[in-house]
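Protein chains in written order, with the working numbering: chain D, 851 to 1054; chain V, -11 to 257.
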């Protein structure tokens, strides 16, 4: 009798715990998205569809940026297919203009008009010119980057990396400046020049 | 002898500093020195005093003050109240943070319209907002009190879990989540150190020093502003003031900071 009531008590406890766990279970990403649609509002160019995740954002969120290897290959390939390389085959623009884009952390916010203040925010996360001491450290140093990525292959890589970083490292924190229409083809050519042109301060 | 040795050590240190390139460690020390200097000349006390006046000021259709506002410790009890926010409030059935609760008191005690009370939640250097003054006053009454935000209530627990998910939710044209900048220790944007916020090691000190006076803007900034401006920089749509999502994210950060003696309003660069 006594053992039965203990058993019942334990069973009841387990059920209560299970219910508690269910009630406290992590909200799914669909639920999080629904909350964001309810609790955020569009402002200027920052429209509500910006909170809807694409497959890359979704996978990187649920795996906390550690995606399983078997998914990485196909998804990086899909990102690679998004890159529109310049039709003229020329990846190098004006490094001086590229320097301005690299220094600017502006653009794409609700305070700015579409296409206005197009910045790459490069210095927010990377060291580039050895003369610029105010640089961030979220990304690797790109000082003297022409040595790291020589030749036309290097140019194509850098152009593509800026255009769609996720094609090369699926859950990188770096934005996809071309795919997201944050920078134009000319902007990306100019930043590529800033990184690779021998005359650019980055390579001095 | 001691003086001589000290000055020799100082001279050697000065030489070493002059000779060596500026290392990260030195930079950090320089920044800490700068922050200390900032704190000594900070006008946060003026904001607290102004906030105290606003707290007692009779206004709104009911011509009432906020002195009977219940921030969770009972009507009018301010001591330690902020150290326990956000929390679940039975009278609204919601989890509320400081700012949403203050607005609730403006509406219920003073009879003010919600729209009017939230028309200007973020001020500027020339004219700070009512909420910025009030927040400075209220949080000052928790200085030295250990942050102890409870998730015992199921809705509080749910807010914490939602906040944790929001923290890691990657979206927007630039694919950012809060963790993009605040998920790894020891990183910085430009020269600004980024606190790791989903672990107590980073969250405790950072959370315990908000709201804060920002020297670069000459403004008192509330935590709702802090979240708002992060989302702006993440290129997201705008979080609605006092919404459940903002309270949930605050809840997640506050719980992660639990145990830290509250030390605000802070002074930031």
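Yeah, the Cβ is synthetic: ideal placement off N, Cα and C, and Gly gets one too.
Just so it is clear, the structure is predicted and the values come from calculations on it, not from any experiment.
Looking at the secondary structure, which residues open and close the beta strand (DSSP E) in which residue i lies?
i: residue 83/V; result: 82 to 84
i: residue 254/V; result: 254 to 256
i: residue 207/V; result: 207 to 209
Within 8 Å of any Cβ in chain D, is that where the Cβ of residue i sits?
i: residue 169/V; result: yes
i: residue 209/V; result: no
i: residue 160/V; result: yes
i: residue 157/V; result: yes
i: residue 175/V; result: yes
i: residue 154/V; result: yes
i: residue 9/V; result: Residue placement at residue 9/V is poorly supported in this model, since its pLDDT is 44, which falls under 50; the coordinates still yield a value, given next. No, its Cβ sits nowhere closer than 8 Å to a Cβ of chain D.
i: residue 179/V; result: yes
i: residue 85/V; result: no
Is any beta-carbon of chain V found at less than 8 Å from that of residue i?
i: residue 893/D; result: yes
i: residue 874/D; result: For residue 874/D, the predicted model reports a pLDDT of 48, less than 50, meaning its position is unreliable; a value from the coordinates is still stated below. Closer than 8 Å: yes.
i: residue 960/D; result: yes
i: residue 1019/D; result: no
i: residue 986/D; result: yes
i: residue 898/D; result: yes
i: residue 816/D; result: Absent from the model: residue 816/D. The displayed extent of chain D is 851 to 1054, so no value can be given.
i: residue 910/D; result: yes
i: residue 871/D; result: For residue 871/D, the pLDDT reaches just 43, beneath the cut-off of 50, and the residue's location in the model is therefore unreliable, although a value from the coordinates is still provided. Residue 871/D does not count as touching chain V.
i: residue 932/D; result: no
i: residue 974/D; result: yes
i: residue 1023/D; result: yes
i: residue 991/D; result: no
i: residue 1037/D; result: no
i: residue 852/D; result: Residue confidence for residue 852/D is low, a pLDDT of 42 falling below 50, so the modelled location carries little weight; the figure read from the coordinates is stated next. It does not: the Cβ of residue 852/D has no partner Cβ on chain V nearer than 8 Å.
i: residue 914/D; result: yes
i: residue 1032/D; result: yes
i: residue 1053/D; result: no
i: residue 889/D; result: yes
i: residue 918/D; result: no
Would you say residue i and residue j are within 8 Å of each other, going by their C-beta atoms?
i: residue 995/D; j: residue 1053/D; result: yes
i: residue 72/V; j: residue 137/V; result: yes
i: residue 157/V; j: residue 959/D; result: no
i: residue 929/D; j: residue 897/D; result: no
i: residue 1030/D; j: residue 199/V; result: no
i: residue 956/D; j: residue 220/V; result: no
i: residue 182/V; j: residue 175/V; result: yes
i: residue 49/V; j: residue 56/V; result: no
i: residue 134/V; j: residue 247/V; result: yes
i: residue 933/D; j: residue 1049/D; result: no
i: residue 895/D; j: residue 964/D; result: yes
i: residue 59/V; j: residue 100/V; result: no
i: residue 888/D; j: residue 225/V; result: no
i: residue 195/V; j: residue 255/V; result: no
i: residue 901/D; j: residue 925/D; result: no
i: residue 882/D; j: residue 153/V; result: yes
i: residue 1051/D; j: residue 997/D; result: no
Assuming residue i and residue j make a contact with CB atoms under 8 Å, what is their CB distance in whole Å?
i: residue 39/V; j: residue 125/V; result: 3 Å
i: residue 1039/D; j: residue 951/D; result: Residue 1039/D to residue 951/D, Cβ: 10 Å. No contact.
i: residue 1033/D; j: residue 1027/D; result: 4 Å
i: residue 177/V; j: residue 986/D; result: 4 Å
i: residue 69/V; j: residue 117/V; result: That belief does not hold up - the Cβ atoms of residue 69/V and residue 117/V are roughly 20 Å apart, past 8 Å.
i: residue 109/V; j: residue 119/V; result: 5 Å
i: residue 991/D; j: residue 976/D; result: 7 Å
Please determine, among the options, the residue with the shortest C-alpha to C-alpha distance to residue i.
i: residue 190/V; options: 95/V, 231/V, 172/V and 251/V; result: 172/V
i: residue 192/V; options: 241/V, 153/V and 175/V; result: 241/V
i: residue 222/V; options: 164/V, 121/V, 118/V and 75/V; result: 164/V
i: residue 94/V; options: 42/V, 224/V and 257/V; result: 42/V
i: residue 74/V; options: 254/V, 237/V, 104/V and 216/V; result: 237/V
i: residue 234/V; options: 970/D, 979/D and 891/D; result: 891/D
i: residue 86/V; options: 224/V, 210/V and 218/V; result: 210/V
i: residue 111/V; options: 228/V, 76/V, 205/V and 102/V; result: 205/V
i: residue 945/D; options: 984/D, 914/D and 979/D; result: 979/D
i: residue 106/V; options: 245/V, 65/V and 229/V; result: 229/V
i: residue 23/V; options: 218/V, 203/V, 239/V and 215/V; result: 203/V
Kindly indicate the opening and closing residues of the alpha helix (DSSP H) around residue i.
i: residue 892/D; result: From DSSP, residue 892/D is part of no alpha helix (DSSP H); its letter is neither H nor E.
i: residue 201/V; result: Premise fails: residue 201/V lies in the beta strand (DSSP E), 200 to 202, not in any alpha helix (DSSP H).
i: residue 77/V; result: Note, residue 77/V: premise wrong, no alpha helix (DSSP H); beta strand (DSSP E) at 75 to 77.
i: residue 948/D; result: 945 to 953
i: residue 152/V; result: 142 to 156
i: residue 222/V; result: It is not in any alpha helix (DSSP H) - residue 222/V carries neither H nor E in the DSSP assignment.
i: residue 927/D; result: 919 to 930
i: residue 267/V; result: The requested residue 267/V is not part of the displayed model; chain V covers only -11 to 257.
i: residue 997/D; result: 995 to 998
i: residue 974/D; result: 972 to 975
i: residue 910/D; result: 905 to 912
i: residue 190/V; result: 188 to 195
Closest Cβ-Cβ distance between residue i and chain C: below 8 Å?
i: residue 905/D; result: Going by chain labels, chain C is absent from the structure shown, which instead holds the protein chains D and V.
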